[in-house]
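Here the structure comes first, spelled out in structure tokens, and everything after it is commentary.
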Amino acid sequence: VSAGIDLALALVTADLGREVARRAAREIVVYYQRPGGQSQFSSLEELADADGRFAPLLAWIRANVRRPLRVEELAAEVAMSPRNFARRFRAEVGCTPAQAVARIRLEVARTLIETTTRPVAAVAREAGYGDPETMRRAFVKVLGRSPRALRTASKSGIGPESGRSRQAAPPAQLGGPQR
């Protein structure tokens with residue numbers, strides 16, 4: 037559920053701007069960006085360029101993350117030649133298409149590890165990693181711990197992944213008074 041809310045806020049940011057997304061988050065009583073090291077689907081927001089040109093593609097990548105995603109397929113999705121796409125994507129988003137796919141895969145896998153009891157091998161498949169060992173190496177390199185260690189920490193409430201649940205307030209209109 038929280039990954040869906042994070043994705044929705046990233047899409048609102050891309051379409052309507054950060055301030056509207058912050059107000060929406062405030063109204064549904066969630067953090068626009070979670071504090072500390074808490075998991076949040078933020079790759080869409082972090083990767084999306086200022087005018088949102090590649091935001092729909094980034095959402096498409098997330099929806100198709102379990103598939104092998106090559107530059108040629110991504111370029112075809114936005115009706116560009118692979119060479120022009122790779123050059124424009126890097127210039128506008130700030131990383132290569134392969135780096136963007138890797139970041140999105142990692143966030144999908146991290147969310148599944150923290151929020152489900154699915155076996156690590158199933159999470160690796162769902163996030164598009166070839167095997168659990170490849171996913172484990174990505175976790176250790178970027179997050180500093182293995183998927184199993186992250187799951188243990190998130191279940192026990194150890195580290196920045198833990199947090200207190202907040203009571204939800206009744207929804208209000210986005211343009212309503214600030215709290």
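Residue numbering for the sequence shown follows this note's numbering, starting at 37 and increasing by one per position. We put the beta carbon where it would ideally sit given N, CA and C, even for glycine. Being a predicted model, the structure only gives us computed values, none of them experimental.
With respect to the alpha helix (DSSP H) encompassing residue i, which residues constitute its N-terminal and C-terminal limits?
i: M116; result: Looking at the DSSP string, M116 is not in any alpha helix (DSSP H), and its letter there is neither H nor E.
i: F175; result: 168 to 179
i: P133; result: 133 to 151
i: L105; result: It is not in any alpha helix (DSSP H) - L105 carries neither H nor E in the DSSP assignment.
i: A158; result: 156 to 162
Out of the options, which has the shortest C-alpha to C-alpha gap to residue i?
i: P104; options: T188, D167, A127; result: D167
i: K191; options: C131, R173, T151; result: T151
i: R154; options: R187, R126, G53, P118; result: R187
i: P118; options: G53, T170, V107, E128; result: V107
i: L43; options: R124, R126, T147; result: T147
Can you list, in chain order, the residues of its chain whose CB lies under 6 Å from that of residue i, leaving out five sequence neighbours each side?
i: L110; result: P133
i: Q69; result: Interpretation of Q69 is limited by its pLDDT of 45, a score under 50 that renders its predicted location unreliable; no figure is taken from the coordinates.
i: Y67; result: Summary for Y67: the model assigns pLDDT 41, below 50, so the residue's position carries little reliability, and this model does not support an answer.
i: C131; result: none
i: S198; result: Legend: pLDDT at S198 = 39, less than 50; position of this residue unreliable, value from coordinates given subsequently. Same-chain partners within the cutoff: there are none.
Only counting the same chain, and skipping five residues up and downstream in sequence, which positions put a Cβ closer than 7 Å to that of residue i?
i: L93; result: L110, E113, V114
i: T48; result: Correcting the residue identity first, residue 48 is Val in this sequence and not Thr. Once the five neighbours on either side are set aside, the close Cβ partners of V48 are V56, A57, A60.
i: R184; result: V156
i: I149; result: V159, P183, L186, R187
i: D172; result: Before going on, a small fix: residue 172 reads as Arg here, not Asp. Hits under 7 Å: S182, P183.
Does the beta carbon of residue i come closer than 8 Å to any beta carbon on chain C?
i: E55; result: Absent here is chain C; the protein component of the structure consists of one chain.
By Cβ distance, which residues of its chain are closer than 8 Å to residue i, with the 5 residues on each side in sequence left out?
i: A138; result: A174
i: F121; result: V107, L110, A111, V114, P133
i: V116; result: According to the sequence displayed, residue 116 carries Met and not Val. Answer for M116: R124, listed in chain order.
i: G53; result: none
i: G170; result: Checking the displayed sequence, the identity of residue 170 turns out to be Thr instead of Gly. Correct list, in chain order: A160.
i: P127; result: Strictly speaking, residue 127 in this sequence is Ala, with Pro absent from that position. None.
Original post:
Are there three or more Cβ pairs, one per stretch, closer than 8 Å when the stretch 163 to 182 is compared with the stretch 93 to 102?
Top reply: Yes, they touch.
**OP:** Tell me, please, whether the stretch 138 to 148 touches the stretch 173 to 189 by the rule of three or more beta-carbon pairs shorter than 8 Å.
**Re:** Yes, since at least three Cβ pairs between the stretch 138 to 148 and the stretch 173 to 189 fall closer than 8 Å, the two stretches touch.
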